[in-house]
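Presented below is the structure to which this report refers.
2 protein chains.
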Amino acid sequence: MVPYGGFEALGDATRRSIVERLRHGPASVGELAAGLPVSRPAVSQHLKVLAEAGLVAVNAAGTRRIYRLAPHGFAALRSELDQLWNDALAAFAAAAEAEGEADGDDERHERPA
Amino acid sequence: MVPYGGFEALGDATRRSIVERLRHGPASVGELAAGLPVSRPAVSQHLKVLAEAGLVAVNAAGTRRIYRLAPHGFAALRSELDQLWNDALAAFAAAAEAEGEADGDDERHERPA
DNA sequence: CGGCACGGTAAGTGCTAACTTACGGTAAGT
DNA sequence: ACTTACCGTAAGTTAGCACTTACCGTGCCG
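Structure (structure tokens):
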């Protein structure tokens, strides 16, 4: 599916540029390539990656392929990130609490003295 | 700034493993490396990247460096992703409204606070 | 005070992937 | 039917980065 693949997909700067462009509305491959410093085939390959990550969807119109953002993949990314966010907050709160109590350095570590 | 840098940081699988490990609580560099298939220096380098992206924070305890998740970077990522998600939804709604086409797509519209 | 554990940095290597040009296949216009 | 436009794929090159070993500074304990 698309568990963490979305992060891999958005890890590339060119792919993020494509997403940024698609934020303002659907566009064809040629239009996307025209606004980017790379060739059309490169854009096509990036779109393939984004599509496999569920971040974009395609709508064929004649020989032109109109790409648009797909909410599906972004929703998955969002929930992943939300979990991380919650755990980060919990860890932060726990650390702050331990700090307030005492200088406790006791954890479930297997580090022998 | 580190607006999108977080996506770059989370684009690497080893770095995501580190984050996953830190979800359960703080850990030292040696502990992190012990649970990963890479060497300690590699972990150190990854932690540097994560720290520069604002995703982790350090707490020096003697010669040991205790790393933990930092809510700051995740908050930034979250808002970035929220904007993208909203635009994706808007684009989808506009497209669906313009045409009644059925692409066999299946997405849920859950909108948290 | 001398050895030891911990971890960050330097230098070098290999593999992944982003990019290129070239080609083929499909749909629309004339 | 021929031509033109649009796009995906193949093959090959190159640049970046993840990883390694080696080294050094720092803080604990004997």
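Protein chains in written order, with UniProt numbering: chain A, 1 to 113; chain B, 1 to 113.
Glycine included, every Cβ here is placed at the ideal spot set by N, Cα and C.
Legend entry - Beta carbon proximity, A:P37 to chain B, threshold 8 Å: no
Inset, instruction - Report back the beta-carbon spacing between A:L81 and B:L77 to the nearest angstrom; my notes put them in contact at under 8 Å. - result: 6 Å
Legend entry - Proximal chain A residues relative to B:V19, where beta-carbon distance stays under 8 Å: L84
Inset, instruction - Look up B:R68 in the DSSP assignment and give the residues it is bridged to. - result: B:A57
Inset, instruction - Look at the Cβ atom of A:P26, then the Cβ atom of B:L89, and state whether they are nearer than 8 Å. - result: no
Legend entry - Any C-beta of chain A under 8 Å from that of B:G54: no
Legend entry - Candidates A:G35, A:G11 and A:N86: closest to B:A75 by CA position: A:N86
Legend entry - Close-in-space but distant-in-sequence residues of the same chain around B:P3 (CB under 6 Å, 5 per side omitted): For B:P3, the predicted structure reports a pLDDT of 46, less than 50, and the residue's modelled location is therefore unreliable. The matter cannot be settled from this model.
Legend entry - Inter-residue spacing [alpha-carbon to alpha-carbon] between B:A42 and A:P37: 33 Å
Legend entry - Euclidean distance between Cα positions of A:D12 and B:E8: 7 Å
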